[in-house]
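One structure is given here, and the rest of the page talks about it.
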Amino acid sequence: MEIIKISLCLFLLFNCCFSQIEQQQSLLWQKLQYQQQHRRGRAKTDCRISSLNAREPTYKFNSEAGTTEFWDRNSEEFECAGVAAVRNDIQPNGLLLPHYNNAPQLLYIVQGSGILGTVIPGCAETFESPQREKSMRGEQGRSEGGSQYRTGGDRHQKVRQFRQGDVLALPAGITLWFYNNGQERLVTVALLDVSNPVNQLDLQFRHFFLAGNPNPKGLSGSRYEEEIRSRKEHEQGEEPQQQQSGNLFDGFDLDILADVFNVDRNLAKNLQGREDQRGQIIRAENFDVLSPKFEEEEQSHGPGKGSQPNGLETICAMRLRENLGHPSRADVYNPRGGRVSTLNSHKLPILNWLQLSAEKGVMYQASHLLRVFFISIFVMAPYWNLNAHSIIYIIRGTGRIQVVGDTGNSVFDDEVREGQMIVVPQNFAIMKKAGDQGLEYIAFKTNDQAMTSPLAGRLSAIRAMPEEVLMNSYQISRQEARSLKYNREETCVFAGRKSTGYSTRAMEYALTAVEAFLKV
């Protein structure tokens, strides 16, 4: 009898274990299938790159309270990566009208602070201000007898605060709006992954506005591709076709629209916004939206907190924001050279859905004394991205970037400056050198767990290879092979030095002495 009981317990135990293993394998298989589908979508893009360019926005559209700028989506590099990029400059009290996009995006806050509103289908209106009910009669509108509506309060979906240095992860198809509640300009730069499988239209970037007239003068940010074609037709001497530019409600019949919302025709006309001349960023002086203070939000959703996206409730409360600007968030830190902070789906789970990640790099400016005696430059170790394209936006400073292709040809070797963007295709090797004022950048990557492989430094491919391989590959001596492997102990950010003839160890002692002198 005891043997039967033991056998039954073992049977149940093994069944539970095998069930868990099968479940884990199923989840891994689903993840692999999704990534393969994602890669197949990207394989449709054209990546015959012979040269790269550091590009600034090509098209600029003015609004009442700000500007919107686009990079040319039809350039060779952006077509290769299957992405689009947009930059918004929102004045204080400026509201970027509600809209949604056809592709997931990562958005970096270059400057300022503000409020992000999202509307996720099926999620409850969890933000509620004090309110009272009042029956209003006398104004008949389209309803008979009177209408019952809410006054003195409001309910809406979750509203999030953000600040400089934040990265916002925004899925495709959800309604978004931004408001600048600070005292300075709000500057954002966003990467949209138009080749992501969730975008089943085409590789064109589209804004769908729910309010206003995004382009009252016929220069529509919401009809970006049509406007580019129109301009190209004009440049080629062809007669450009007039493109209608309005919000989504503008295309519906006015009477049906009024009936759907149970309002009068005048209010329905306001929804269509045909007479609105303010553009897509409007001024909203009296803007009182219920939102927790930034400190309260930080305490409830601290850095790194979150859960795996496994249900509707989790989706509604999911974290969309992570800060990469603060030095304490650095993953790689060199007090002499700079720091690097990474953001992937381990830190922000929603990135697993978006299949995007980000990297923030800061390369320091060398002090005058270090430049005089030893340090002339700060260099990022050359590396390549194993599984992602990298789209680099220069936030501040200047520097030099070199990119090398598969045949060893240099596809880019030039100075970069604030406001420029450069696309580095997957597996192309890249090296960055800071200018006299330092260099700060944000890199968007087309994989939620992007990986890099450095060519120099403590974790490099060169250091990981046997000396014999280096000796025979480069026709060098054993001592030279060891110099290649061990002359750099830094991981990522190097303090470059002038040619002084001193040994590396002597240089390290000298640097330590100079740093100690500077602290006195």
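FYI, in mature numbering (1 follows the signal peptide of the UniProt record, and there is no 0) the residues of the sequence shown are -19 to -1, 1 to 501. Ideal Cβ placement from N, Cα and C applies to all residues, glycine included.
Taking residue i as the reference, which of the options has the closest Cα?
{"i": "R444", "options": "Y455, T433 and R469", "result": "R469"}
{"i": "V397", "options": "R29, F108 and A35", "result": "A35"}
{"i": "N69", "options": "R459, L167 and K341", "result": "L167"}
{"i": "G98", "options": "M432, E60, R141 and T427", "result": "R141"}
{"i": "E57", "options": "G319, G47, L33 and H80", "result": "L33"}
{"i": "R377", "options": "T48, Q401, H370 and F359", "result": "Q401"}
{"i": "H327", "options": "T379, A431 and V321", "result": "A431"}
{"i": "E106", "options": "D135, G227 and P178", "result": "D135"}
{"i": "A410", "options": "G386, L173 and M299", "result": "G386"}
{"i": "F268", "options": "P73, R29 and C61", "result": "P73"}
{"i": "G163", "options": "S458, G254, P197 and F143", "result": "F143"}
{"i": "A319", "options": "N247, L332, K341 and F186", "result": "Inspection of the sequence shows that residue 319 is occupied by Gly rather than by Ala. It is K341 whose Cα lies nearest to the Cα of G319."}
{"i": "R317", "options": "L301, P330 and Q346", "result": "Q346"}
{"i": "I372", "options": "Q407, N390, C104 and R300", "result": "Q407"}
{"i": "V67", "options": "H188, M299 and L301", "result": "H188"}
{"i": "G146", "options": "L88, P195 and E109", "result": "L88"}
{"i": "G95", "options": "E60, G232, L238 and P273", "result": "P273"}
{"i": "F59", "options": "E256, I403 and L465", "result": "I403"}
{"i": "N82", "options": "I30, C104, A150 and L305", "result": "A150"}
{"i": "A249", "options": "I263, F233 and R264", "result": "F233"}
{"i": "L440", "options": "L465, F159, G389 and S309", "result": "L465"}
Classify residue i as buried or exposed, calling it buried when 16 or more other Cβ atoms lie within 10 Å of its own Cβ.
{"i": "D240", "result": "exposed"}
{"i": "G292", "result": "At G292 the pLDDT is 45, less than 50, meaning the model places this residue with poor confidence and gives no usable figure here."}
{"i": "L271", "result": "exposed"}
{"i": "N251", "result": "exposed"}
{"i": "Q261", "result": "buried"}
{"i": "G126", "result": "Low confidence applies to G126: its pLDDT is 40, below 50, so where it sits in the model is not reliable, and the reading given next is rough at best. Classification of G126: exposed, given that the 10 Å Cβ count is below 16."}
{"i": "E454", "result": "In the sequence as displayed, the identity of residue 454 is Ser instead of Glu. When all chains shown are included, S454 counts as exposed."}
{"i": "H307", "result": "exposed"}
{"i": "Q258", "result": "exposed"}
{"i": "Y467", "result": "exposed"}
{"i": "E266", "result": "exposed"}
{"i": "P111", "result": "exposed"}
{"i": "F186", "result": "buried"}
{"i": "L182", "result": "exposed"}
{"i": "F242", "result": "exposed"}
{"i": "D417", "result": "exposed"}
{"i": "I423", "result": "buried"}
{"i": "I382", "result": "buried"}
{"i": "P447", "result": "exposed"}
{"i": "R459", "result": "exposed"}
Check the C-beta distance from residue i over to residue j and give it rounded, since I have them as a contact under 8 Å.
{"i": "L324", "j": "A339", "result": "5 Å"}
{"i": "V64", "j": "V175", "result": "6 Å"}
{"i": "L78", "j": "F190", "result": "6 Å"}
{"i": "L420", "j": "Y364", "result": "Contact flag wrong, Cβ pair sits at about 16 Å."}
{"i": "V474", "j": "M344", "result": "7 Å"}
{"i": "residue 544", "j": "M361", "result": "As displayed, the chain neither begins before -19 nor continues past 501, which places residue 544 out of reach and without an answer."}
{"i": "I101", "j": "I155", "result": "5 Å"}
{"i": "L335", "j": "S434", "result": "Incorrect: roughly 23 Å between the Cβ atoms, too far for contact."}
{"i": "N315", "j": "E471", "result": "6 Å"}
Output the boundary residues of the alpha helix (DSSP H) element that contains residue i.
{"i": "A249", "result": "R246 to Q253"}
{"i": "E60", "result": "E57 to A62"}
{"i": "F230", "result": "Segment: none, F230 is in no alpha helix (DSSP H) and carries neither H nor E."}
{"i": "F268", "result": "Counting along the chain, F268 falls outside any alpha helix (DSSP H), and DSSP gives it neither H nor E."}
{"i": "K466", "result": "R459 to Y467"}
{"i": "L329", "result": "Unbroken run through L329: none, as it is neither H nor E."}
Which residue comes first and which comes last in the beta strand (DSSP E) that contains residue i?
{"i": "R144", "result": "V140 to R144"}
{"i": "R94", "result": "Note that residue 94 corresponds to Ser in the displayed sequence, not to Arg. Run containing S94: S94 to V100, per the beta strand (DSSP E) assignment."}
{"i": "V450", "result": "Not the beta strand (DSSP E): V450 falls in the alpha helix (DSSP H), residues E448 to Y455."}
{"i": "N315", "result": "V313 to N315"}
{"i": "residue 563", "result": "Since the displayed the chain opens at -19 and closes at 501, residue 563 lies outside it and no answer follows."}
{"i": "A150", "result": "D147 to L151"}
{"i": "I403", "result": "M402 to V405"}
{"i": "A66", "result": "A65 to I71"}
{"i": "V170", "result": "L167 to L173"}
{"i": "V179", "result": "Taken as a continuous stretch (DSSP letters only), V179 belongs to no beta strand (DSSP E), as it is neither H nor E."}
For residue i, write down the residues that DSSP places opposite it in a beta bridge.
{"i": "A410", "result": "W365 and V385"}
{"i": "L77", "result": "F159 and I262"}
{"i": "A437", "result": "None; A437 has no bridge partner."}
{"i": "S44", "result": "G47"}
{"i": "D394", "result": "Q383"}
{"i": "N82", "result": "H188"}
{"i": "N304", "result": "D147"}
{"i": "A339", "result": "L324 and F425"}
{"i": "A415", "result": "G380"}
{"i": "A298", "result": "According to DSSP, A298 bridges with nothing at all."}
{"i": "V91", "result": "The partner list for V91 (beta bridge, DSSP) is empty, contrary to what the question assumes."}
{"i": "S371", "result": "V405 and K426"}
{"i": "L420", "result": "M344 and G378"}
Would you verify that the beta carbon of residue i is, or is not, closer than 8 Å to some beta carbon of chain B?
{"i": "G419", "result": "Among the protein chains of the structure shown there is no chain B, as only one such chain exists."}
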